[in-house]
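Worksheet for the structure shown next.
Protein chains: 2
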Amino acid sequence: MSKGEETKRAIVDQALELVSTVGLEKLTIGALANATGMSKSGLFAHFKSKEQLQLQVLEEARQRYIEVVVTPAFNKPRGEARLRALFELTLKDWEESLPGGCIFHAVAAELDDQPGPARDYLVAVLRDQRDMFARSAQMAIDTGEFRKDLDIDQFVFELSSITGAHPHFGRLLGDPNSEKHARKAFEALLERAH
Amino acid sequence: MSKGEETKRAIVDQALELVSTVGLEKLTIGALANATGMSKSGLFAHFKSKEQLQLQVLEEARQRYIEVVVTPAFNKPRGEARLRALFELTLKDWEESLPGGCIFHAVAAELDDQPGPARDYLVAVLRDQRDMFARSAQMAIDTGEFRKDLDIDQFVFELSSITGAHPHFGRLLGDPNSEKHARKAFEALLERAH
Numbered sequence: 398m399s400k401g402e403e404t405k406r407a408i409v410d411q412a413l414e415l416v417s418t419v420g421l422e423k424l425t426i427g428a429l430a431n432a433t434g435m436s437k438s439g440l441f442a443h444f445k446s447k448e449q450l451q452l453q454v455l456e457e458a459r460q461r462y463i464e465v466v467v468t469p470a471f472n473k474p475r476g477e478a479r480l481r482a483l484f485e486l487t488l489k490d491w492e493e494s495l496p497g498g499c500i501f502h503a504v505a506a507e508l509d510d511q512p513g514p515a516r517d518y519l520v521a522v523l524r525d526q527r528d529m530f531a532r533s534a535q536m537a538i539d540t541g542e543f544r545k546d547l548d549i550d551q552f553v554f555e556l557s558s559i560t561g562a563h564p565h566f567g568r569l570l571g572d573p574n575s576e577k578h579a580r581k582a583f584e585a586l587l588e589r590a591h
Numbered sequence: 398m399s400k401g402e403e404t405k406r407a408i409v410d411q412a413l414e415l416v417s418t419v420g421l422e423k424l425t426i427g428a429l430a431n432a433t434g435m436s437k438s439g440l441f442a443h444f445k446s447k448e449q450l451q452l453q454v455l456e457e458a459r460q461r462y463i464e465v466v467v468t469p470a471f472n473k474p475r476g477e478a479r480l481r482a483l484f485e486l487t488l489k490d491w492e493e494s495l496p497g498g499c500i501f502h503a504v505a506a507e508l509d510d511q512p513g514p515a516r517d518y519l520v521a522v523l524r525d526q527r528d529m530f531a532r533s534a535q536m537a538i539d540t541g542e543f544r545k546d547l548d549i550d551q552f553v554f555e556l557s558s559i560t561g562a563h564p565h566f567g568r569l570l571g572d573p574n575s576e577k578h579a580r581k582a583f584e585a586l587l588e589r590a591h
């Protein structure tokens with residue numbers, strides 16, 4: 398990486414942490430100048446617009462999700478072991494990897510009624526995630542761990558329901574049993590898939 | 398209602414619709430002036446601050462949830478029939494009652510890392526909702542429809558997971574089967590509660 402690229406990466410990292418707590422809307426060049434101690438003009442040299450900055454942050458989040466969740470999970474054998482890893486890493490490691498928790502959760506409700514490139518990018522990332530869960534469930538059918546007539550789309554809906562509910566009950570409502578409930582719901586889901 | 402109260406109520410209604418699509422952060426006196434065609438100073442006469450306006454909107458949302466979901470559900474007999482009504486009305490009628498869908502969903506991710514009166518109010522509303530689901534599940538145990546050893550907190554976690562996942566899959570990802578998946582997940586949850 399060149400020095401310029403390194404600086405840019407460091408700025409995007411700070412922007413990502415900021416967005417995980419305050420959302421995309423508050424990610425202005427001014428707020429980022431405060432967080433990084435850089436001048437606004439210095440930041441404008443790296444990011445031409447707020448929109449471009451938002452996209453860079455979402456792209457960085459996608460990279461991190463691959464590092465924190467996808468790569469370690471894909472080191473597990475295909476089938477139920479990999480699905481368990483995807484679930485556990487998304488529930489716990491990914492949620493804890495940023496100060497405000499899952500950034501996709503943080504920006505999803507913000508963007509769902511806001512057409513534009515940021516929404517399009519987010520939807521593409523989340524569809525990729527859904528498809529990855531679906532392929533992993535298909536592999537668990539192929540290994541014989543899951544039953545052949547499993548409704549994969551239904552399985553993925555329920556899996557995502559559980560990981561999505563944890564920030565709601567844990568982070569927002571402060572329920573100390575949220576993680577335990579999420580794991581128990583996942584075990585029940587696996588049981589019905591056998 | 399006096400004329401002043403009527404005007405205020407009409408303004409809060411418009412603010413609520415605005416918040417359901419753009420979030421609380423963008424609900425400024427200026428944006429509301431644009432949406433209502435009223436002057437900023439006229440609006441300031443009704444709401445002393447942005448914070449007070451936010452609280453009024455959340456209070457109005459709570460009232461509407463009672464009208465759209467709680468009251469019709471409580472006309473059903475206690476037990477499984479009432480739980481079914483609570484689920485269906487939350488999933489469908491409530492989600493469709495505002496242009497941007499469930500307003501609690503819209504502001505939850507926005508407020509979860511933002512301490513203050515708006516977050517406190519939202520958390521109180523959502524805890525009330527959770528407790529209402531829990532009491533309704535307890536009644537279904539009392540009527541003999543649900544098994545006596547049902548883990549009620551676990552049941553409520555899973556019920557809320559399902560209603561929370563629908564805006565994600567339906568509104569954001571554009572999955573036409575989202576509602577069908579939500580209903581199927583709910584039926585499986587009820588089956589395990591019997």
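Chains as they are written, first to last, in the working numbering: chain C, 398 to 591; chain U, 398 to 591.
Glycine residues also receive a C-beta, built at the ideal position from the N, C-alpha and C atoms.
(request) Taking Ala378(C) and Ala506(U) to be in contact with their CB atoms under 8 Å, please state how far apart those CB atoms are, rounded to whole angstroms. (result) Nothing about residue 378(C) can be read from this structure; chain C reaches only from 398 to 591.
(message) Whole angstroms are fine: how far does the CA of Leu488(U) sit from the CA of Gly561(C)?
(response) Put simply, the backbone Cα of Gly561(C) is about 16 Å away from that of Leu488(U).
(request) Could you name the residues of the same chain whose beta carbon sits closer than 6 Å to that of Asp572(C), not counting the 5 residues immediately before and after it, in chain order? (result) Same-chain partners within the cutoff: Phe566.
(message) Can you tell me where the alpha helix (DSSP H) holding Gly561(C) begins and where it ends?
(response) Here the alpha helix (DSSP H) through Gly561(C) covers 549-563.
(request) Quick one: residues in its chain with C-beta nearer than 7 Å to the C-beta of Ala601(C), no 5 flanking neighbours on either side, listed in chain order? (result) One cannot answer for residue 601(C) here, as it falls past the ends of chain C, which runs 398 to 591.
(message) Is Thr468(C) close to chain U? Criterion is C-beta to C-beta, closer than 8 Å.
(response) At a cut-off of 8 Å between beta-carbon atoms, Thr468(C) makes no contact with chain U.
(message) Can you confirm whether His591(C), when its beta carbon is compared against all beta carbons of chain U, has any partner nearer than 8 Å?
(response) Not an interface residue.
(request) Assign Ser533(C) to one of three DSSP states: helix, strand, or coil. (result) Looking at Ser533(C) - three-state DSSP - the assignment turns out to be helix.
(request) State the DSSP-derived secondary structure class of His591(C), mapped to helix, strand or coil. (result) The three-state reading of DSSP puts His591(C) in coil, since its state is none of H, G, I, E or B.
(message) Please report the straight-line C-alpha distance between Tyr518(U) and Leu452(U), rounded to a whole angstrom.
(response) If you take the alpha carbons of Tyr518(U) and Leu452(U), they lie about 7 Å apart.
(message) So, at 7 Å on beta carbons, what are the nonlocal neighbours of Ser399(C) in its own chain, with the 5 sequence-adjacent residues on each side left out?
(response) Excluding residues up to 5 positions away in sequence, nothing lies with its Cβ nearer than 7 Å to the Cβ of Ser399(C) in the same chain.
(request) Classify Ile463(U) as buried or exposed, calling it buried when 16 or more other Cβ atoms lie within 10 Å of its own Cβ. (result) Ile463(U) comes out exposed.
(message) Just to make sure I have the definition right: I need the residues of chain B whose C-beta is within less than 7 Å of the C-beta of Phe566(C). Which are they?
(response) Although the question refers to chain B, the structure presented lacks it and instead comprises the protein chains C and U.
(message) Across the region 531-540 of chain C and the region 548-557 of chain C, are there enough close Cβ pairs to call them in contact, namely three or more that are closer than 8 Å?
(response) By the Cβ rule, the region 531-540 of chain C counts as touching the region 548-557 of chain C, because three or more pairs are nearer than 8 Å.
(message) Quick check on the burial criterion: 16 or more other C-beta atoms within 10 angstroms. Buried or exposed for Phe583(U)?
(response) Classification for Phe583(U): buried.
(request) Identify each residue in the region 496-520 of chain C for which the Cβ-Cβ distance to at least one residue of chain U is less than 7 Å, and report them in chain order. (result) Of all residues in the region 496-520 of chain C, Gly497, His502, Ala503, Ala505, Ala506, Glu507, Asp509, Asp510, Val520 have a Cβ within less than 7 Å of some Cβ in chain U.
(request) Just the chain C side, please: which residues come within less than 8 Å of Leu570(U) by C-beta, in chain order? (result) Chain order gives the chain C residues near Leu570(U) as Val520, Leu523, Arg524, Arg527, where near means a beta carbon separation below 8 Å.
(request) Apply the 10 Å Cβ neighbour rule to Asp548(C) and answer buried if 16 or more other Cβ atoms are within range, or exposed otherwise. (result) Of the residues assessed, Asp548(C) falls on the exposed side of the cut-off, its CB having fewer than 16 other CB atoms within 10 angstroms.
(message) Starting from Leu440(C), trace the alpha helix (DSSP H) in both directions and tell me its first and last residue.
(response) Looking at the DSSP string, the run of the alpha helix (DSSP H) that includes Leu440(C) is 437-443.
(request) Can you say whether His591(C) is buried or exposed, counting buried as having 16 or more other CB atoms within 10 angstroms of its CB? (result) Its Cβ having fewer than 16 others within 10 Å, His591(C) is exposed.
(request) Could you tell me if Phe444(U) is buried or exposed, where buried requires 16 or more neighbouring beta carbons within 10 angstroms of its beta carbon? (result) With a threshold of 16 other beta carbon atoms within 10 Å, Phe444(U) meets it and is buried.
(message) Beta carbons nearer than 9 Å to chain C: which residues of the region 476-490 of chain U have them?
(response) Flagged: no residues at all.
(request) Could you name the residues of the same chain whose beta carbon sits closer than 7 Å to that of Gly401(C), not counting the 5 residues immediately before and after it, in chain order? (result) For Gly401(C), where only same-chain residues beyond five positions count, there are no Cβ hits under 7 Å.
(request) Give me the Cα-Cα distance between Lys581(C) and Glu485(U), rounded to the nearest whole angstrom. (result) Rounded to whole angstroms, Lys581(C) and Glu485(U) show a C-alpha spacing of 24 Å.
(message) Please state the DSSP three-state secondary structure of Gly427(U).
(response) Residue state, collapsed to three classes: helix.
(message) Once DSSP output is grouped into helix, strand and coil, what is the label at Asp410(U)?
(response) Residue state, collapsed to three classes: helix.
(request) Starting from the beta carbon of Lys423(U), find every residue of chain C whose beta carbon is closer than 9 Å, and list them in chain order. (result) Within 9 Å Cβ-Cβ: Glu422.
(request) With a 10 Å radius around its C-beta and 16 neighbouring C-beta atoms as the bar for buried, classify Phe441(U) as buried or exposed. (result) With fewer than 16 neighbouring CB atoms inside 10 Å of its own CB, Phe441(U) falls in the exposed class.
(message) Suppose you measure from the CA of Leu429(U) to the CA of Ala412(U); what does that come to, to the nearest Å?
(response) Between Leu429(U) and Ala412(U), the C-alpha separation is close to 7 Å.
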